[in-house]
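Engineer:
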Ligand SMILES: Nc1nc2c(c(=O)[nH]1)N[C@H]1C(S)=C(S)[C@@H](COP(=O)(O)O)O[C@H]1N2
Ligand SMILES: [Mo]
């Protein structure tokens with residue numbers, strides 16, 4: 003591909019902003035935080051050290067299958083996802099199972115890969131799955147890498163999201179069926 007004029011040099015001409023320590027720098031400095039947000043009473047921003055110190059640690063020896071790498075064997079430690087999200091206070095009526103059953107979780111990795119879970123998968127009255135937010139894998143802390151989702155009941159590894167950056171919790175507003183009838187493909 004040829005160019006008629008030299009490419010612009012935006013980096014060379016853009017003035018460097020002055021380095022000014024702001025109060026927010028103190029918050030953003032240090033290890034990365036996993037942000038838990040959405041329909042919650044108490045959104046949280048947690049480091050792996052927070053996940054290790056503030057909740058009881060469970061252990062899970064798992065095998066999951068990867069389409070490209072085959073079966074993977076790992077030992078993870080970390081708190082139950084249910085207990086961490088519980089502390090963030092999902093905006094459901096905790097006494098009503100039907101209300102809890104409407105909630106979803108979307109878990110995002112730093113590379114853009116994300117997956118969804120339902121609250122009911124974790125809930126003791128429904129699936130009761132011991133899903134973890136790992137603080138260590140095979141005996142090594144995940145403080146640098148970030149927490150990893152551990153879904154022992156999954157056969158496939160796709161939901162073992164690594165380097166978690168965020169978890170969104172909330173309900174999905176199902177479109178009203180009567181508002182937009184599905185077009186009949188036969189007409
Ligand atoms: N952030 C992030 N996590 C991810 C993935 C990804 O692409 N990005 N791939 C998933 C898939 S498909 C698998 S099989 C496992 C692989 O884990 P391993 O690399 O430790 O074997 O990570 C899962 N977690
Ligand atoms: Mo995979």
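Residue numbers (the working numbering): 3 to 189. Ideal Cβ placement from N, Cα and C applies to all residues, glycine included. As the structure is a prediction and not an experimental result, all values here were calculated from the model.
I believe residue 144 touches residue 83 by the beta-carbon criterion, under 8 Å. Please report the beta-carbon distance rounded to the nearest angstrom.
Structural biologist: Your numbering for residue 144 matches position 142 in the chain shown. Your numbering for residue 83 matches position 81 in the chain shown. With a Cβ gap of about 15 Å, residue 144 and residue 83 do not count as contacting.
Engineer: Is there at least one non-hydrogen atom of ligand 2 closer than 7 Å to the beta-carbon of residue 165?
Structural biologist: Here residue 165 refers to the residue found at position 163 when the chain shown is read from its first residue. No, ligand 2 has no heavy atom inside 7 Å of this Cβ.
Engineer: Could you tell me which residues DSSP puts in a beta bridge with residue 67?
Structural biologist: Locating residue 67 in the chain shown gives position 65, counting from the first residue. BP columns for residue 67 point to 73, 158.
Engineer: When every heavy atom of ligand 1 is checked, does at least one fall within less than 7 Å of the C-beta of residue 66?
Structural biologist: Reading the chain shown from its first residue, position 64 is the one you call residue 66. Indeed, a heavy atom of ligand 1 lies less than 7 Å from the Cβ.
Engineer: Between the Cα of residue 113 and those of 93, 163, 77, spot the shortest distance and give me the residue it belongs to.
Structural biologist: Indexing the chain shown from 1 puts residue 113 at position 111. If we check each option's Cα against that of residue 113, 163 comes out closest.
Engineer: Assuming residue 106 is part of the beta strand (DSSP E), what are its boundary residues?
Structural biologist: Counted from its first residue, the chain shown places residue 106 at position 104. Its beta strand (DSSP E) spans residues 105-111.
Engineer: By DSSP, does residue 176 sit in helix, in strand, or in coil?
Structural biologist: On the chain shown, position 174 is the one that residue 176 refers to. Looking at residue 176 - three-state DSSP - the assignment turns out to be coil, as it is neither helix nor strand.
Engineer: For residue 65, which residues in the same chain have their Cβ closer than 6 Å to its Cβ, ignoring the five residues on either side in sequence?
Structural biologist: Reading the chain shown from its first residue, position 63 is the one you call residue 65. Excluding sequence neighbours, residue 65 sits near 73, 75.
Engineer: Any idea which residues DSSP pairs residue 116 with across the strands?
Structural biologist: For the purposes of this step, residue 116 is identified with residue 114 of the chain shown, where counting begins at 1. Answer by DSSP bridge pairing, in chain order: 110.
Engineer: For residue 153, count neighbouring Cβ atoms within 10 angstroms of its own Cβ and tell me buried if that reaches 16, exposed if not.
Structural biologist: Position 151 of the chain shown, counted from the start, is the residue given in the question as residue 153. Flag for residue 153 reads buried.
Engineer: Thinking residue 167 and residue 59 are a contact (beta carbons under 8 Å), I'd like their distance in whole angstroms, please.
Structural biologist: As a first step, residue 167 is located in the chain shown; it is residue number 165 there, counting from the start. As a first step, residue 59 is located in the chain shown; it is residue number 57 there, counting from the start. With 8 Å as the limit, residue 167 and residue 59 do not qualify as a contact, their Cβ atoms being about 22 Å apart.
Engineer: Mind checking whether the beta-carbon of residue 95 lies closer than 7 Å to any heavy atom of ligand 1?
Structural biologist: Here residue 95 refers to the residue found at position 93 of the chain shown. No, since every heavy atom of ligand 1 falls outside the 7 Å radius drawn around the Cβ of residue 95.
Engineer: Secondary structure at residue 40, three-state DSSP: helix, strand or coil?
Structural biologist: Locating residue 40 in the chain shown gives position 38, where the first residue counts as 1. Strand, per DSSP.
Engineer: If we ignore side chains and look at the alpha-carbon of each, how far apart do residue 159 and residue 186 end up?
Structural biologist: The count along the chain shown starts at 1 and reaches residue 159 at position 157. The count along the chain shown starts at 1 and reaches residue 186 at position 184. Roughly 38 Å separates the two Cα atoms.
Engineer: Any idea if residue 27 is buried or exposed, counting beta-carbon neighbours within 10 angstroms, 16 or more meaning buried?
Structural biologist: In the chain shown, the residue the question calls residue 27 occupies position 25. The pLDDT assigned to residue 27 is 45, lower than 50, so where the model puts this residue is not dependable, and the model offers no usable value.
Engineer: What do you reckon, are the CB atoms on residue 151 and residue 133 nearer than 8 Å?
Structural biologist: Mapped onto the chain shown, residue 151 falls at position 149. Mapped onto the chain shown, residue 133 falls at position 131. Contact flag set, yes.
Engineer: Can residue 138 be considered in contact with ligand 1, in the sense that its beta carbon sits closer than 7 Å to one or more heavy atoms?
Structural biologist: Position 136 of the chain shown, counted from the start, is the residue given in the question as residue 138. Residue 138 Cβ: outside cutoff for every heavy atom of ligand 1.
Engineer: Any heavy atom of ligand 2 within a distance shorter than 7 Å of the CB on residue 69?
Structural biologist: Here residue 69 corresponds to residue number 67 of the chain shown, with the count starting at 1. The answer is yes for residue 69.
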